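Scroll down for the structure; my scribbles are underneath it.
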Amino acid sequence: MVCVKNIHVSGMSCGHCVNSVTQTLEAIQGVSSARVSLEDSTAEVTFDQEAVDLETLKAAIREKGFGTEAPSPINNKPFTIIAPKNVEPPFARQRQPVETSFKIEGMSCANCSNTIEKTLKKSKGIEKVSINFSMEKGFVTYDPSLVDEQGIFEIVQRAGYTAFSQEEKRTEDSPIAQKERFRFIFAASLTIPLVFLMYTMPFGHANTNYSMGLLATLVMVVSGRTFYEGAFHSLKNRSANMDVLIALGISAAYFYSLFSLLVLDPAAHTFFDSAAMLITFILLGKMIEAKAKGQTGEALEKLISLGADRARILVNGSEHMVKASEIKKGDFFSVRPGETIPVDGEIVEGTTTIDESMITGEAIPADKIKGDPVTGATINQTGAITARAVRVGKETMLARIVKMVEEAQADKAPIQRLADTVSNYFVPVVVIAAILTFIVWNFVVEYPPPLGITRFLFAFQLMIAVLVVACPCALGLATPTAIMVASGVGLKRGILFKRASVLENISQLDVILFDKTGTLTKGSPRVSAIYPMDHGSEHQVLKIAASLGAASIHPLAHAIVKKAEQAGVSMEKISNQREIPGHGSTGELDGRPVMLGNLKLQPQGSFLSEEAAAAGQQISDTGDSSVYVWQDNTMKGIISLADEIKADSKEAMARLHALGIKTALVSGDNKKAAKRVAQIVGIDEVEAEVLPGDKSRIVKKWQERGYRVAMAGDGINDAPALAQADIGIAVGSGTDIAKETGDVILVNNSLLDVERAIGLGRKTLKTIRINFFWAFFYNLLMIPVAAGLAYPALGLVLKPEWACIAMWLSSLTVVGNSLLLKRYRF
Numbered sequence: 051m052v053c054v055k056n057i058h059v060s061g062m063s064c065g066h067c068v069n070s071v072t073q074t075l076e077a078i079q080g081v082s083s084a085r086v087s088l089e090d091s092t093a094e095v096t097f098d099q100e101a102v103d104l105e106t107l108k109a110a111i112r113e114k115g116f117g118t119e120a121p122s123p124i125n126n127k128p129f130t131i132i133a134p135k136n137v138e139p140p141f142a143r144q145r146q147p148v149e150t151s152f153k154i155e156g157m158s159c160a161n162c163s164n165t166i167e168k169t170l171k172k173s174k175g176i177e178k179v180s181i182n183f184s185m186e187k188g189f190v191t192y193d194p195s196l197v198d199e200q201g202i203f204e205i206v207q208r209a210g211y212t213a214f215s216q217e218e219k220r221t222e223d224s225p226i227a228q229k230e231r232f233r234f235i236f237a238a239s240l241t242i243p244l245v246f247l248m249y250t251m252p253f254g255h256a257n258t259n260y261s262m263g264l265l266a267t268l269v270m271v272v273s274g275r276t277f278y279e280g281a282f283h284s285l286k287n288r289s290a291n292m293d294v295l296i297a298l299g300i301s302a303a304y305f306y307s308l309f310s311l312l313v314l315d316p317a318a319h320t321f322f323d324s325a326a327m328l329i330t331f332i333l334l335g336k337m338i339e340a341k342a343k344g345q346t347g348e349a350l351e352k353l354i355s356l357g358a359d360r361a362r363i364l365v366n367g368s369e370h371m372v373k374a375s376e377i378k379k380g381d382f383f384s385v386r387p388g389e390t391i392p393v394d395g396e397i398v399e400g401t402t403t404i405d406e407s408m409i410t411g412e413a414i415p416a417d418k419i420k421g422d423p424v425t426g427a428t429i430n431q432t433g434a435i436t437a438r439a440v441r442v443g444k445e446t447m448l449a450r451i452v453k454m455v456e457e458a459q460a461d462k463a464p465i466q467r468l469a470d471t472v473s474n475y476f477v478p479v480v481v482i483a484a485i486l487t488f489i490v491w492n493f494v495v496e497y498p499p500p501l502g503i504t505r506f507l508f509a510f511q512l513m514i515a516v517l518v519v520a521c522p523c524a525l526g527l528a529t530p531t532a533i534m535v536a537s538g539v540g541l542k543r544g545i546l547f548k549r550a551s552v553l554e555n556i557s558q559l560d561v562i563l564f565d566k567t568g569t570l571t572k573g574s575p576r577v578s579a580i581y582p583m584d585h586g587s588e589h590q591v592l593k594i595a596a597s598l599g600a601a602s603i604h605p606l607a608h609a610i611v612k613k614a615e616q617a618g619v620s621m622e623k624i625s626n627q628r629e630i631p632g633h634g635s636t637g638e639l640d641g642r643p644v645m646l647g648n649l650k651l652q653p654q655g656s657f658l659s660e661e662a663a664a665a666g667q668q669i670s671d672t673g674d675s676s677v678y679v680w681q682d683n684t685m686k687g688i689i690s691l692a693d694e695i696k697a698d699s700k701e702a703m704a705r706l707h708a709l710g711i712k713t714a715l716v717s718g719d720n721k722k723a724a725k726r727v728a729q730i731v732g733i734d735e736v737e738a739e740v741l742p743g744d745k746s747r748i749v750k751k752w753q754e755r756g757y758r759v760a761m762a763g764d765g766i767n768d769a770p771a772l773a774q775a776d777i778g779i780a781v782g783s784g785t786d787i788a789k790e791t792g793d794v795i796l797v798n799n800s801l802l803d804v805e806r807a808i809g810l811g812r813k814t815l816k817t818i819r820i821n822f823f824w825a826f827f828y829n830l831l832m833i834p835v836a837a838g839l840a841y842p843a844l845g846l847v848l849k850p851e852w853a854c855i856a857m858w859l860s861s862l863t864v865v866g867n868s869l870l871l872k873r874y875r876f
């Protein structure tokens, strides 16, 4: 009887491990197929139960050094890998760090994120940590042999917060969300009658104070408990967050009132109303702020939700509905009109149009035929197609974009360091300021307090107001909320920022260097003419060139091969082939040396004939590229290739010049061709006949002149220059995001997006600066007002409850200002 079983395989770290397990299983008598997934750590085995049993399969896997049982949850302890004796476990051979991201609940301010970061960094097995307060997410790189994801969650929990995987959806009806709503509703339902008592019952009456005390006690115990828990965990971790200030404020108001009621005078003035109103307003403010913060990441959440849940895979010609996550590389799947493409693949049957706006931002659907790539999460529109899965799971374009955007949002921009530094000292400074306020107004200042209140109570009220009005949250939200919104705006347009610092740095560029082929031009050159030499023929020249070009990744070589295929010219196998970067390719065809490239490849001792020089000059005058062909050290011909300039290149350069940015062209092409392109599109300076390895040297030369430099290229041979530049811009990456090395990735093949990325960066930096100005201005203004500095001159006194409202308004103002970036128009 044939059956299919899934076996857990632990210890696989690379493709070689997958191949080893696959080959081992398929070599066993009775096994018809084995599909092994590195991502899921599973082996799906189809076998005959009468010929082999499950234990035999597991034993064969263990003999190769892999485990066959899922590791149990661990608490900061190493994994135990089941393996045979005398076989070194795979983890011991190679410990690959693992990246994970997860949600965090319970953070009240930026200092909370700093606390979690410090706690995790001190834990064994944690290599890298980034906690984003506004996203309420953690990003951790860890050693899986020392700690696992559950262990990380437990470390976060011990710090006083709740961590859970991103796959575990928390909605408005989650237990934690329900508790938060209950706390607010409970506090509000008791605070309203408490305030009613204060304003309607006789002032200074003992029964009124007892009633208010009872209601305030219930609010403190049920709804105020969360602030004390947060403050306890914060102080336990030797830091002070927003909960510490709130706990001190409400404690001062409540416990003084309780002491006065029970010990001093039951009819004396109390602050029960202030304590209850503080808790109610703070809980309300947190709910509103959470709602507003949630809007900053809408673009990414929407993108994540676009992925298909189900898919049809083809097995022996029949369709089977499965979860999209179960599709394996190489599987065939069908997609009907109106359905979502489940994974990245290649069309093997059918024609259609596909809405790729979620990737490119372009509203016009793309025509697709057999052999064309399709991208997961895009929408099939007109025709039914069958495709083969090429990239699945974390390899898909959607997964890579999500990961890239999340990393950018998790990253801290340089300007954020100021906020982190201030946040570390903010709470202790505010506590000191509150104590000084009480001392000064109670013992030093002779100015009379307002009517109906003693000097002590007035000073006490001002102290509470100082504790409550101070707001480190606005400082902590200033940068990350703007980064989140900006990265979402860019995402919709097909502009991806790899790090938060890029959004800041791109706004300060002085010069952009452009590669030519594939960046300023369409990158799809075509053979425009063939000039045979030495009594040869076009067929002979094309045969040699295409045979050498078949193994090359250069766009010009691809164009030559395409021309040969169209002309029906057969290509021969080249032996001893060697690529020489910036020059061309050499090898042997039928035992005779052949070469394909530019004149730098010309054999020593040979010379350029008048015929070849004239043909080369003619090609150069037209601005086309020249490729030379040699056989037996004799030039056999020249191939002319034309590459059309992108329609938007000229407009893009004009926009960059309008921003005050210089432009330069860096190309390996001949000087005439490079200058012609530069002249057409309006580029300022030209560096021609540059080897790929020298592009980074040119970037460095500009940097040494004091310029902040960006390099824009197609990412094929520009990696060193992109890395050397202050900002590397990978243009027209399409679905090949995995290979891009730039700081900014422009999914569309449009140079206008370079100017758009810079404009978005400048707008984002401006928004961050406004946020910081407001956050600092608010605290610099409101803390002195709360401390009573405006009272002698203006008679202005900030009550604790109004100070609480002002505090949350400051945070909402910062979030609201960041959300205005959503209105940015390219």
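All letters in the sequence shown, in the order written, are residues 51 to 876 by the numbering used here.
Yeah, the Cβ is synthetic: ideal placement off N, Cα and C, and Gly gets one too.
Note that this is a predicted model, so its numbers are computed, not measured.
Taking the straight line between their C-alpha atoms, what separation do you get for residue i and residue j?
{"i": "Ser537", "j": "Gly280", "result": "31 Å"}
{"i": "Pro643", "j": "His585", "result": "18 Å"}
{"i": "Glu622", "j": "Leu598", "result": "9 Å"}
{"i": "Glu554", "j": "Glu660", "result": "55 Å"}
{"i": "Thr212", "j": "Phe203", "result": "7 Å"}
{"i": "Val398", "j": "Gly201", "result": "45 Å"}
{"i": "Leu810", "j": "Val847", "result": "42 Å"}
{"i": "Ile787", "j": "Glu406", "result": "Its pLDDT being 44, under 50, Ile787 is placed unreliably by the model, and nothing is read from it."}
{"i": "Ile711", "j": "Val552", "result": "17 Å"}
{"i": "Val95", "j": "Thr72", "result": "9 Å"}
{"i": "Glu155", "j": "Ile533", "result": "20 Å"}
{"i": "Arg288", "j": "Val206", "result": "15 Å"}
{"i": "Trp858", "j": "Cys162", "result": "17 Å"}
{"i": "Thr130", "j": "Ala110", "result": "Legend: pLDDT at Thr130 = 36, less than 50; position of this residue unreliable, value from coordinates given subsequently. Cα to Cα, Thr130 sits roughly 19 Å from Ala110."}
{"i": "Leu839", "j": "Leu871", "result": "36 Å"}
{"i": "Ile503", "j": "Val835", "result": "19 Å"}
{"i": "Ile610", "j": "Leu592", "result": "7 Å"}
{"i": "Asn136", "j": "Gly647", "result": "In this predicted model, Asn136 has a pLDDT of only 42, less than 50, meaning its place in the structure is not dependable; the value taken from the coordinates is given anyway. The alpha-carbon atoms of Asn136 and Gly647 are separated by roughly 55 Å."}
{"i": "Gly263", "j": "Ser307", "result": "8 Å"}
{"i": "Leu312", "j": "Ala302", "result": "15 Å"}
{"i": "Ile363", "j": "Val797", "result": "29 Å"}
{"i": "Glu754", "j": "Arg747", "result": "10 Å"}
{"i": "Ser656", "j": "Ser587", "result": "21 Å"}
{"i": "Pro498", "j": "Ser261", "result": "31 Å"}
According to the Cβ coordinates, are residue i and residue j closer than 7 Å?
{"i": "Val59", "j": "Ala84", "result": "no"}
{"i": "Ala607", "j": "Val864", "result": "no"}
{"i": "Ala692", "j": "Thr569", "result": "no"}
{"i": "Ile391", "j": "Val424", "result": "yes"}
{"i": "Gly735", "j": "Ala714", "result": "Reading the sequence as shown, one finds Glu at residue 735 and not Gly. Contact flag set, yes."}
{"i": "Val677", "j": "Ile695", "result": "no"}
{"i": "Thr241", "j": "Ala209", "result": "no"}
Considering just the uninterrupted stretch of the beta strand (DSSP E) at residue i, what are its terminal residues?
{"i": "Arg438", "result": "435-441"}
{"i": "Glu629", "result": "625-630"}
{"i": "Val197", "result": "Run containing Val197: none; DSSP gives neither H nor E here."}
Would you kindly report the start and end of the unbroken alpha helix (DSSP H) that includes residue i?
{"i": "Gly380", "result": "Neither: Gly380 is in no alpha helix (DSSP H) and is coded neither H nor E."}
{"i": "Lys613", "result": "605-617"}
{"i": "Asp405", "result": "Element bounds for Asp405: not the alpha helix (DSSP H) but the beta strand (DSSP E), 402-405."}
{"i": "Trp858", "result": "850-869"}
{"i": "Glu660", "result": "660-672"}
{"i": "Phe510", "result": "505-519"}
{"i": "His283", "result": "275-286"}
Which whole-angstrom value is the C-beta distance of residue i and residue j, which I expect to be below 8 Å?
{"i": "Gln79", "j": "Val54", "result": "That pair is no contact at about 17 Å."}
{"i": "Ala416", "j": "Ala358", "result": "The Cβ separation is near 18 Å, so there is no contact."}
Legend entry - Cβ contact (3+ pairs, closer than 8 Å) linking the segment 481-495 and the segment 822-832: no
Legend entry - Any 3 or more C-beta pairs closer than 8 Å across the segment 556-566 and the segment 752-762: yes
Legend entry - Cβ pair count under 8 Å reaching 3, the segment 569-584 against the segment 660-671: yes
Inset, instruction - May I ask you to verify whether the segment 432-445 touches the segment 379-388, counting CB pairs closer than 8 Å and requiring at least 3? - result: yes
Inset, instruction - Inspect the CB distances between the segment 176-184 and the segment 230-244 and report whether three or more fall short of 8 Å. - result: no
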